[in-house]
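Residue numbers (our numbering): 1 to 419. Cβ coordinates follow ideal geometry from the N, Cα and C atoms, glycine included. This report concerns only the one structure given below.
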Ligand code: LLP
């Protein structure tokens, strides 16, 4: 369910026409819908007990305006860098609702988290436990810690976004979990708080989650029997969204919530979840203008002014995104929808049926609110797409497009090359 719909044959974001927006700010741009973000957050949060910490995964869409919108609804944040931590705090998300994940936290990032007083560090290796202990000790603090255990469950998702098997770099292997907790307990500046897991992203079946939750629940009991105080479980994110109309519907948040509750209700633990895609994906579209309609020898190309530098998912994961016209039209043709970047993988979709298109027409690439703008680059010296947030009939540019000069101005010519 989202708030992008046609009115009088034109695509709108809530009450704002995308044609008008494109005329005002130029293309390409990401457009996010507040009502959709709010709806997704509420549907997800309602699937869990009231005191659950919904730590929105900032990596999915870290725009400050998006973070503030979610923060105002009560969301916390799951961050994976000092930059994301600073963003979450700047957006007004309280430190005690922030969890810090990631395999490579540096000493400086740990210090930032400790000084801010975040809720917990999700630690991913034994050397990280030692490093966090040192960082906390140097500040005279104790760091609240969960250890991310790798339940060795196949998430049945794209290989590049699965994280919970023994082949992945993430988490501590299941077989070493008890040892790792023993080590943590021996480090005086660490405070064991609970157990953490995350098995992957864009997961569309319940069974991998159920298998992982069950393993985590068992581990909580084992660790308690070993004498540890386990008061929290963080079950990560990963619930998928439909990208194509023919995709099977992923489990509804309510069913996912029931699976969580079946697994952990009797543990009496504080529950933490880290959804990203589910909240943001369908709350955003990428609007782009057709630069040329090009008749190739074997195929017809729609060459857009957005490229793989703006939205890398199709090139990187063979991801499917629906592409729709901003103005509904008659007729129809099959197009390969491509960007201007000099790479064959700069392809948003092959053989896409669209109305007869001409130069200057607008298209919207759907389900682009998560892992879209955040993964953009300036490849081919192309400043990434602007970002706009809509709320009802209001809209605001929440990240302007950099000018060419601003982008070029980031480079420096050393003195020895001076003319
Ligand atoms: N928690 C942790 C520790 C994570 O690593 C992730 C995602 C999440 C939560 C949020 O997962 P979500 O609910 O969004 O599935 N760039 C890829 C997705 C990478 C996901 C990385 N980790 C894509 O575009 O599909």
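| Check | Outcome |
| --- | --- |
| Please name the residue, chosen from 356, 286, 339, that lies closest to residue 4 on a Cα-to-Cα basis. | 286 |
| Compute the Euclidean distance between the alpha carbons of residue 194 and residue 119, then round it to the nearest angstrom. | 11 Å |
| So who's on the other strand from residue 362, going by DSSP bridges? | 289 |
| Name the DSSP bridge partner or partners of residue 395? | 390 |
| DSSP three-state label for residue 351, please. | strand |
| Using the DSSP secondary-structure output, state which residues sit across from residue 33 in a beta bridge. | 390 |
| Give a yes or no on whether the C-beta atoms belonging to residue 422 and residue 323 are separated by under 7 Å. | What is shown of the chain runs 1 to 419, which leaves residue 422 out entirely. |
| Is the separation between the beta-carbon of residue 270 and that of residue 231 shorter than 7 Å? | yes |
| Starting from residue 76, trace the beta strand (DSSP E) both ways and give me its first and last residue. | 76 to 79 |
| Does the distance between the C-beta of residue 198 and the nearest non-hydrogen atom of ligand 1 fall short of 6 Å? | yes |
| Determine contact between the stretch 355 to 363 and the stretch 7 to 27, defined as no fewer than three beta-carbon pairs at a distance below 8 Å. | yes |
| Quick one: grab the DSSP three-state call for residue 196. | strand |
| Can you tell me whether DSSP reads residue 303 as helix, strand or coil? | strand |
| Any contact of the stretch 279 to 295 with the stretch 365 to 379, i.e. 3+ C-beta pairs under 8 Å? | yes |
| If I follow the unbroken beta strand (DSSP E) through residue 6, where does it start and stop? | 4 to 7 |
| Report the option in 382, 74, 20 whose CA atom is closest to the CA atom of residue 50. | 74 |
| Between residue 280 and residue 369, which are expected to be in contact by the criterion C-beta below 8 Å, what is the C-beta distance as a whole number of angstroms? | 4 Å |
| Pair every Cβ in the stretch 328 to 337 with every Cβ in the stretch 51 to 63, then say whether three or more of these pairs are closer than 8 Å. | no |
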